[in-house]
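**Q**
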Amino acid sequence: MSVCIRITVNGLPEEVSPSATLADLIDRFREMDRDLIVEHNGRFVFPQDYASTGVAPNDRVEFIHPNFGG
Amino acid sequence: MLTEEEARRYSRQVALPEIGVEGQLRLAAGRVMVVGLGGLGSIAAYYLAAAGVGYLKLIDRDRVAVENLNRQILHSTFDLERPKPESAAEKLSRLNPHCRIEAVHTAIEDSNAAALLADCDVIFDATDNRETRQVLNRLSLRRQVPFVYGGISGWEGMASTFIPGRTACFSCLFPPHAETAKPAPPPVLGPTAGIVASIQCLETIRLLVGCVPQLAGRLLRFSGLTMEFRKLQIDRNPGCPVCGAPAG
Numbered sequence: 000m001s002v003c004i005r006i007t008v009n010g011l012p013e014e015v016s017p018s019a020t021l022a023d024l025i026d027r028f029r030e031m032d033r034d035l036i037v038e039h040n041g042r043f044v045f046p047q048d049y050a051s052t053g054v055a056p057n058d059r060v061e062f063i064h065p066n067f068g069g
Numbered sequence: 000m001l002t003e004e005e006a007r008r009y010s011r012q013v014a015l016p017e018i019g020v021e022g023q024l025r026l027a028a029g030r031v032m033v034v035g036l037g038g039l040g041s042i043a044a045y046y047l048a049a050a051g052v053g054y055l056k057l058i059d060r061d062r063v064a065v066e067n068l069n070r071q072i073l074h075s076t077f078d079l080e081r082p083k084p085e086s087a088a089e090k091l092s093r094l095n096p097h098c099r100i101e102a103v104h105t106a107i108e109d110s111n112a113a114a115l116l117a118d119c120d121v122i123f124d125a126t127d128n129r130e131t132r133q134v135l136n137r138l139s140l141r142r143q144v145p146f147v148y149g150g151i152s153g154w155e156g157m158a159s160t161f162i163p164g165r166t167a168c169f170s171c172l173f174p175p176h177a178e179t180a181k182p183a184p185p186p187v188l189g190p191t192a193g194i195v196a197s198i199q200c201l202e203t204i205r206l207l208v209g210c211v212p213q214l215a216g217r218l219l220r221f222s223g224l225t226m227e228f229r230k231l232q233i234d235r236n237p238g239c240p241v242c243g244a245p246a247g
């Protein structure tokens, strides 16, 4: 019996645990940038909420890297 | 009143209903601090001066280097080793003598930021690092002056307009943290800088003429690889250590 749910991360289909949080996904996808922006279903997520924000089937998560050049 | 020469010079933009003569006079009364005269600042200073912004304070600590010239079109091969503000002021004064230019060859830090801002109406970010943007953000909040952010990296760029007390601030989006090591400069393409700086200029012009800035509380992202623009709403962060946004 599958215990995974399907979500989309950076435009690609992924299977993750139904208990996964955004913080777990950041770890799993090795997003090490401390200035990372996380978009969850089209909404900006505050960094302090990563560990308490779960995902549901068909959710879309985007990891956005900052642009600091000029 | 616009002089006859000014009326002709700006006629193609005065024709816009959002600008008109009244808006043009507001631009002439406008004072913008442009911080950074590299890829973003080159485009920004040109367009703001050409549009008739009455006063530009141009700040940069660097001198023109040959590796700048793939994108920093305000400077030329003949300007190598010149302070960027001096090089910029020369071209902009030729472009539009109605625009008063003040060139300041210095680094902006918390200790001199307020004096440099003086009575400017807009902080135009054309810097190349996160730390200086944190300085500009603190200045924006302290002095209640809008902060127009833009950043680029390779084929990509982003921009947002931070209005103190009304929108998220730069630190709501990028909370301050100690830099572990200074990152290497990212690769940069000139047209990417041109697109992002042009968007920032549109926001600045909107602010000066009294139109609602479209990127207030929104982050606009551009990718030159996919030719896509995407907007993301950015709410004030109740946990922001800098703007101290109220909860809820």
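Protein chains in written order, with numbering that gives the first Met the number 0: chain A, 0 to 69; chain B, 0 to 247.
All C-beta atoms, glycine included, are put in the ideal place defined by N, C-alpha and C.
1. Name the DSSP bridge partner or partners of B:A158?
2. Where DSSP assigns a beta bridge to A:G68, which residues make up the other side?
3. DSSP three-state label for B:E108, please.
4. Using a Cβ cut-off of 8 angstroms, pull out every chain A residue sitting near B:P96, in sequence order please.
5. Return the CA-CA distance between B:F169 and A:F45, expressed in angstroms with no decimal places.
6. Based on the DSSP output, what are the partners of B:M32 in its beta bridges?
7. Using DSSP with H/G/I as helix, E/B as strand and the rest coil, what is B:F77?
8. What is the DSSP secondary structure of A:G53, reduced to helix, strand or coil?
9. Can a CB atom of chain A be found closer than 8 angstroms to the CB of B:E155?
10. Given that B:S152 touches chain A, what residues does it touch there, using C-beta distances under 9 angstroms?
11. Check B:A192 in the structure and name its three-state DSSP category.
12. What residues match up with B:T101 in a beta bridge as DSSP calls it?
13. Establish whether the CB of A:E38 and some CB of chain B are separated by less than 8 angstroms.
14. Looking at the unbroken alpha helix (DSSP H) that takes in B:K83, where does it start and where does it end?
15. Spatial neighbours of B:P82 within its chain, please: CB distance less than 7 angstroms, with the 5 preceding and 5 following residues excluded, ordered by chain position.
16. Indicate whether at least one CB of chain B lies closer than 8 angstroms to the CB of A:D58.
17. Give the straight-line distance between the Cα atoms of B:F251 and A:E38, rounded to the nearest whole angstrom.
18. So with Cβ pairs under 8 angstroms, would you call A:R33 a contact of chain B?
19. Rounded to the nearest angstrom, what separates A:M31 and A:L21 at their Cα positions?
20. Nearest-angstrom Cα distance between B:E17 and B:V208?
21. On a CA-only basis, which of B:A177, B:P182, B:F123 and B:Q143 is nearest B:S159? Give me that one, please.
22. Got a sec: is the Cβ-Cβ distance from B:E4 to anything in chain A below 8 angstroms?
23. Rounded to whole angstroms, what is the Cα-Cα separation between B:A117 and B:L68?
24. Measure how close the beta-carbons of A:R33 and B:H176 come, nearest whole angstrom, since I'm counting them as under 8 angstroms.
25. Give the straight-line distance between the Cα atoms of B:A28 and B:A180, rounded to the nearest whole angstrom.
26. With B:L248 and B:L73 assumed to form a contact (beta carbons below 8 angstroms), what rounded beta-carbon distance in angstroms separates them?
27. What's the C-alpha gap between A:I4 and A:D58?
28. When you compare each of B:R7, B:L15 and B:V52 to B:R25 by their alpha carbons, which one comes out closest?
29. Given this structure, state the Cα-to-Cα distance separating B:T295 from B:D120, to the nearest angstrom.
30. Name the one or two DSSP bridge partners that B:F228 has.
31. Given that B:Q232 touches chain A, what residues does it touch there, using C-beta distances under 9 angstroms?
32. According to DSSP, A:I103 sits in a beta bridge with which residue or residues?
33. Measure the C-alpha to C-alpha separation of B:R8 and B:Q23 and round it to an integer number of angstroms.
**A** Taking the coordinates as given:
1. B:G149 and B:L219
2. B:I151
3. coil
4. Neighbours of B:P96 on chain A: none; closest Cβ ~27 angstroms, over 8 angstroms.
5. 13 angstroms
6. B:K56 and B:I122
7. helix
8. strand
9. yes
10. H64, P65, N66, F67 and G68
11. helix
12. Residue 101 of chain B is actually Glu in this sequence, not Thr. Answer by DSSP bridge pairing, in chain order: B:K56.
13. yes
14. K83 to L94
15. R62 and H104
16. no
17. Since the first and last residues shown for chain B are 0 and 247, residue 251 of chain B lies out of range.
18. yes
19. 13 angstroms
20. 8 angstroms
21. B:F123
22. no
23. 31 angstroms
24. 6 angstroms
25. 42 angstroms
26. Residue 248 of chain B lies beyond the residue range present for chain B, which begins at 0 and ends at 247; the question has no answer from this structure.
27. 10 angstroms
28. B:V52
29. What is shown of chain B runs 0 to 247, which leaves residue 295 of chain B out entirely.
30. B:F221
31. G41, R42 and F43
32. Examination of residue 103 of chain A is not possible in this model, given that chain A is present from 0 through 69 alone.
33. 11 angstroms
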